[in-house]
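Residue numbers (our numbering): 665 to 750.
Ideal Cβ placement from N, Cα and C applies to all residues, glycine included.
As the structure is a computational prediction, the values presented were derived from the model and not from experiment.
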């Protein structure tokens, strides 16, 4: 393996690690939002509950998008494109 290939391999691994960290952070956001949702429900705050539910759904959507991105990064790492494939 050439030095350039080794560098490319490390960069790809760093991308995977960053993508995994982003997924974990997004999942933590969902969990925090679930707690806010439960607190709003306990207080009987219907508007707060509705708002928290909308925010939680956006966080869940973000988690799904990040998981798809992570899957793509892992696929590219497993099957790197050749010089003609871009």
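I'd like the span of the alpha helix (DSSP H) that includes residue 725, first residue to last.
710-742
Whole-angstrom C-beta distance between residue 730 and residue 683, which should lie under 8 Å
7 Å
Residue burial classification, residue 697 (beta-carbon count within 10 angstroms, cutoff 16):
buried
Should residue 702 be labelled buried (16 or more other beta-carbon atoms within 10 Å of its own) or exposed?
exposed
Got a sec? Which residues, its chain only, sit under 7 Å from residue 712 by beta carbon, not counting five neighbours each side?
704
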